[in-house]
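Okay, structure first, notes after.
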Amino acid sequence: MSLPRTPSQTVGPYFAIGLSRRPENELAARNDPGALTLVGELIDGQGNPVPDGMVEAWDSVGGRWGRSGTDADGRFTFVVTKPEARPGEAPRLDVLVFARGLLRHQLTRVYFPDEADANAADPVLSALGDADRATLVAEGEDGALRWDIRLQGDRATVFFAH
Amino acid sequence: MAAIDDSPIVLPDDPNFGPEVQADYPGYRSTRWRAANRPLVTLPEEFHDLMGPVFGHDAIEENDNDLTRQHEGAPLGERITITGRVLDDEGRPVRNTLVEIWQANAAGRYKHEVDQHPAPLDPNFSGAGRTLTDDDGRYHFVTIKPGSYPWGNHENAWRPNHVHFSVFGREFTRRLVTQMYFPGDPLFEFDPIFHSVRDPKARELLVARFDLSLTQPEWALGFSWDIVLGRGGSGTTPMEDA
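Those sequence lines, one after another, are chains P and V.
Using this note's numbering, the letters of the first sequence map in sequence onto residues 47 to 208.
Using this note's numbering, the letters of the second sequence map in sequence onto residues 3 to 244.
Okay, here's the thing in structure tokens:
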């Protein structure tokens, strides 16, 4: 028996009243010695910030989850530590993106800039072309991690089927 | 892409899409600069079995699943209950999973600063709830029936009554955010978000069932709505599959 699954619908513009009621964007304690701020901008196909989006981050090895609504400048923010890597893979966070205009959420992932060797050997990253691969690796910026998500265009972030 | 603003609000039915939404559905104008316009990349098969976050009872506070009891007084509107089971596509219950809802009040207004619809806010209604499914996969909410409201998608656009749902499920890739509709809504035929599900049989899966046996005499109408968290992810569009 296989039941037909329930279709997706957009999160809409007002999800914050239900999904951003409490701060849930810290996957690690701020005073953890390895704590890093992961910030980025969610950007639409015209290059404009998306002020009504939501980003969820999931460390499937450590079992840590968080989410951040974007602000008026399209910015999301997390406090993270670098996750453990699965065997043969580079450390990463799995990421879901929700917004008005997305009828189904997007699935992507963010890798760490100081893991060049592991990133080069990662089976998913290494299967991508250079330009696409770059969309999934954060950049170091003033002791924080910077990672933008572009929904469309030549530099669009790689999104995965799910 | 050039003619999207002239494309019809509602496209003809197409069962080839099955339960998949058409992510770039042109009648929903906000898709234009936000929906992906490159093919999705296929991940290794084992990724789809990856477990997602687990939530405990500490995620739930008193009255989180009763939206009519979160303030001093009772909210205005038609009191209803919504119950159903969260199932996997084999029909097995998904236990202890977080279900979150949010909605407009009875007048069709969200308690959100961006919502400027000239309908009253209700001081006794915040419009948000959350609960965990039980061992049978069942969730239960008490709320009021949300009103319809206008939106800027096109001339004289109104959303059918709906409650937003967010469900986590066991596997990370089965996370679902969707909307539950009410049976017999006269706005269905005009709504591009509802019709972004092109298969009419799949659209029915978004519509709750009125159930007199769940209706509490002298108290609240009962609606039933099951949620099935299935596996997607072929990496191709339904049209290419057909």
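We put the beta carbon where it would ideally sit given N, CA and C, even for glycine.
On a predicted model such as this, the values are computed, not experimentally measured, just so you know.
Using a Cβ-Cβ cut-off of 9 Å, P/V170 is close to V43, L45, P46, F49 of chain V, given in chain order. Between the C-alpha atoms of V/P185 and V/H164 there is a straight-line separation of about 10 Å. Remark: C-beta atoms of P/A190 and P/V125 do not approach each other more closely than 7 Å. The beta carbon of P/E72 sits closer than 8 Å to those of G112, F124, V125, all from its chain and outside the five residues before and after it, given in chain order. Between V/P162 and V/Y183, the C-beta gap is smaller than 7 Å, which places the two residues in contact. Scanning chain P for C-beta atoms nearer than 7 Å to the C-beta of V/S32 yields R146, G147, reported in chain order. Put simply, the backbone Cα of P/V141 is about 33 Å away from that of V/P10. Taking a 10 Å sphere around the C-beta of V/V56, we find fewer than 16 other C-beta atoms and assign the residue as exposed. Contact between the stretch 45-59 of chain V and the stretch 165-176 of chain V is present: 3 or more CB-CB pairs across the two stretches fall below 8 Å.
Counting C-beta atoms within 10 angstroms of its own C-beta, P/N165 has 16 or more neighbours from the protein chains shown and is therefore classed as buried.
The C-alpha of V/P46 is placed about 36 Å away from the C-alpha of V/H142.
The beta strand (DSSP E) runs of length 3 or more contained entirely in the stretch 90-147 of chain P are, from start to end of the chain, 99-105, 110-115, 121-126, 138-145.
Assignment of beta-bridge partners to V/D68 by DSSP yields V/V144. Chain-order list of chain V residues neighbouring P/L139: empty, with the shortest C-beta distance near 11 Å, by a criterion of under 9 Å. Contact between the stretch 199-218 of chain V and the stretch 88-101 of chain P is absent, with fewer than three C-beta pairs closer than 8 Å.
Under the criterion of beta carbons closer than 8 Å, P/Q198 and V/W35 qualify as touching, at roughly 6 Å. Residue pairing from DSSP places V/Y183 in a beta bridge opposite V/H164, V/V209.
Rounded to the nearest angstrom, the gap between the Cα atoms of V/F127 and V/A76 is 8 Å. Neighbours of V/H114 across chain P, judged by C-beta separation under 7 Å: Y60, A62, I63.
The C-alpha of V/H114 lies about 27 Å from the C-alpha of P/L153.
Residue nearest to V/T180 within the set P/V156, P/D168, P/R150 is P/R150 (criterion: CA-CA distance). In chain order, V107 place their CB closer than 7 Å to the CB of P/R132, counting only its own chain and leaving out the 5 sequence neighbours on each side. Contact check for V/L207 and P/T52: beta-carbon distance about 5 Å, within the 8 Å limit, so the pair qualifies.
Under the three-state reduction of DSSP output, P/A190 falls in the strand class.
Our two residues, V/D136 and P/A162, have alpha carbons roughly 45 Å apart in a direct line.
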